[in-house]
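Trainee:
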Amino acid sequence: MTSRTKENKYIKRIMFIFLLLLISLVSYNFLPPLQVQAAYAADSNETNVLTLEDALKIAKENNKTLQAQYYQMQSAKETYIQALGYRLPNITGSLSYERIRAMSTNNASYGSKDNFSYSLDANQLLYDFGATNSYIQSAYHSYKQSEKQYLDTLRQIEYQVKQSYLNVLSAEQLYDTAKEGLDLANLILKYTQSEFDVGLVARSDVLSAEVEVQNAKISLLNAKNQINVSLANLANVLGYDPRKSFTISKTAYETPPKAIASNFADQIFSIAIKNRPDIAAAIEGIDAARYTLKNLKSSLYPKINLVGDYSRSDTKFPPENYSWFYGITATITFYNGGQNLSKIRQEQDILNSLIKTKDNLEDSIKLAVWTDILNLNNAYSTFELSDAAVKSALENLRVNEAQYREGLNSIIDLTTARNNYISAKNQRIINEYNYYLSLAALERDLGVKFFNIENY
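In this note's numbering, the protein residues as written are 1217 to 1672.
#1: Quick check for students: name the residue ranges of the alpha helix (DSSP H) that lie wholly in the region 1259-1345, counting only runs of 4 or more.
#2: Is glutamine 1291 near serine 1380, with beta carbons less than 8 Å apart?
#3: So, do the region 1482-1490 and the region 1345-1355 have three or more beta carbon pairs nearer to each other than 8 Å?
#4: Which value, in whole angstroms, describes the spacing of the CA atoms of phenylalanine 1246 and asparagine 1264?
#5: Round the Cβ separation of asparagine 1491 and valine 1664 to the nearest angstrom and send it over; I've been treating them as touching at under 8 Å.
#6: Quick check on DSSP: helix, strand or coil for glycine 1455?
#7: So, for leucine 1300: in the same chain, excluding its five sequence neighbours on each side, which residues have a beta-carbon less than 7 Å away from its beta-carbon?
#8: How would you call arginine 1317, buried or exposed, if buried means at least 16 neighbouring beta carbons within 10 angstroms?
#9: Run through the DSSP bridge pairs and tell me what arginine 1528 is partnered with.
#10: What does DSSP give as the partner residue(s) for lysine 1519 in the beta ladder?
#11: Excluding the 5 residues flanking aspartate 1337 on each side, which residues of the same chain have their C-beta closer than 6 Å to its C-beta?
#12: Anyone know if the C-beta pair for threonine 1267 and isoleucine 1373 falls short of 8 Å?
#13: Specify the secondary structure class of isoleucine 1464 as computed by DSSP and reduced to three states.
#14: Compute the Euclidean distance between the alpha carbons of aspartate 1494 and lysine 1572, then round it to the nearest angstrom.
#15: On the criterion of 16 or more Cβ atoms from any shown chain inside 10 Å, does aspartate 1344 qualify as buried, or is it exposed?
#16: Quick check: is any heavy atom of the ligand NAD less than 7 Å from the C-beta of alanine 1347?
#17: Closest to glutamate 1670 by C-alpha separation, out of Pro1472, His1357 and Asn1647, would be which residue?
#18: Determine the DSSP secondary structure at glycine 1663, reduced to helix, strand or coil.
#19: Ignore the nearest five residues each way along the sequence and tell me which others in leucine 1570's own chain have a CB closer than 8 Å to its CB.
#20: Tell me the rounded alpha-carbon separation between glycine 1346 and methionine 1289.
#21: Buried or exposed: where does phenylalanine 1541 fall if 16 or more other Cβ atoms within 10 Å of its Cβ makes it buried?
#22: Cβ atoms of valine 1585 and leucine 1662: under 8 Å apart, would you say?
#23: Where does tyrosine 1375 fall in DSSP's three states?
#24: Alpha helix (DSSP H) containing valine 1585: first to last residue?
#25: Roughly how many whole angstroms lie between the Cα atoms of proline 1305 and leucine 1272?
#26: Are the Cβ atoms of isoleucine 1404 and arginine 1634 separated by less than 8 Å?
#27: Measure how close the beta-carbons of glycine 1375 and alanine 1657 come, nearest whole angstrom, since I'm counting them as under 8 Å.
#28: Of the residues Leu1400, Ser1386, Tyr1391 and Lys1510, which one's Cα is nearest the Cα of leucine 1450?
#29: Between serine 1312 and serine 1333, what straight-line distance do the alpha-carbon atoms span, to the nearest angstrom?
#30: How many Å lie between glycine 1415 and glutamate 1396 at the Cα?
#31: Determine, using beta-carbon pairs with one atom in the region 1635-1642 and one in the region 1606-1616, whether at least three such pairs fall under 8 Å.
#32: Cα-Cα, which of Leu1423, Asp1270, Gln1361 and Lys1293 is closest to threonine 1631?
Now the structure itself:
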């Protein structure tokens, strides 16, 4: 190939690469922007609102405790798959090479020779009185138990998410109330200062109003810090850095507060027994123990196998001399110091313990659900009372403001009315979110993500 030809070929390659780059740049400029799934981060352009449903989905994907339980479940699944292999033939092969040198008593060598050999062995279980099937079933139920334990961990995580989410909402509303309290304190200070300027009140009234303003500022700072702490806890349970912030929805539950009629208790109990994954896990554990017990009892009987072997050996490679055999073997343990019988009794005790533990769990769940119902109904009653208290406190504040302008009461009366109003609002917020926290606890103890309380 001439130098001229090589040069032309080199120029063509450069032009080809240049055209590829040009096409890539043009395509990049004219393509629409990529649609990236938005994250709930502390960005200046943050516009997404994190709903409770979003938070539950994120926690399911990111929570470290749940991820650890998932891998335990996968490990149990692989153990079950491994157990299935005991039904299949076991085939092994071996290949060996030996160099043999015979020596006399005076270390004289008689020469050496090589020995080559290889073999294939097969072993197939024919019958073992159900021992293998029992072992496989035990591994299967252990896997299903791990699966239910994963769901039970998810149940606990969902409650933590709801609790953290509601705490953020509560903290935000308490912050709004603290801000309103500061506005009222500043307004009272303004009234008092104007009255002092015309000689209608003493300087001590102004000082008292100023103290209330400073106290209101402290309350506002504490309320703001509580928002940040609640957001950090929410970020943590979602599997994020605690410094990550969120814009969350103003409501967690769409349904307004409602009491549960006590005559629905048995129906609600049955929902819990049916849906709780820890009860399902306990049942799977009992089944696994039953099959383990059957496996141990089967070990008292013979195990019958079909066996076979094919091998070759020779002083040269490949070896030409060969042999083979097949047959049936039966093995049984006649005596091992009573170990098998002891294991059987031990597993029977474990089974009985698991049954009693499951019964006790059902009783504990009924108690927890009934306690949740009592707490929820109490929270509903206190919420209704606090709602009425806020209305009365607001009316009392307005009356005291008017009387203070007319000089009919003191700064102490006005400040007391203001504090009572803010306290009543705070208590209303606390009672409302106590109700929804009680509802979240009921959902946790029922084993459901959301419970339609309107039907009860």
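The beta carbon of each residue, even a glycine, is placed where N, CA and C say it ideally should be.
Mentor: On the basis of the data shown:
#1: 1268-1278 and 1280-1300
#2: The residue asked about is misnamed: residue 1291 is serine in this sequence, not glutamine. Not in contact: serine 1291 and serine 1380 (Cβ atoms no closer than 8 Å).
#3: no
#4: The predicted position of phenylalanine 1246 is uncertain, since its pLDDT is 36 and thus under 50; a value taken from the coordinates is nonetheless stated next. Computed Cα separation, rounded: 27 Å.
#5: 6 Å
#6: coil
#7: Ile1352
#8: exposed
#9: Tyr1334 and Tyr1538
#10: Thr1547
#11: Thr1308 and Asp1525
#12: no
#13: strand
#14: 14 Å
#15: buried
#16: Ligands in the displayed structure: none, and consequently the ligand NAD is not present.
#17: Pro1472
#18: coil
#19: Ala1498, Gly1501, Ile1502 and Ala1505
#20: 26 Å
#21: exposed
#22: yes
#23: helix
#24: 1555-1621
#25: 47 Å
#26: yes
#27: The sequence given here has tyrosine at residue 1375, not glycine. The pair is a contact, with the Cβ atoms about 7 Å apart (cut-off 8 Å).
#28: Ser1386
#29: 5 Å
#30: 29 Å
#31: yes
#32: Leu1423
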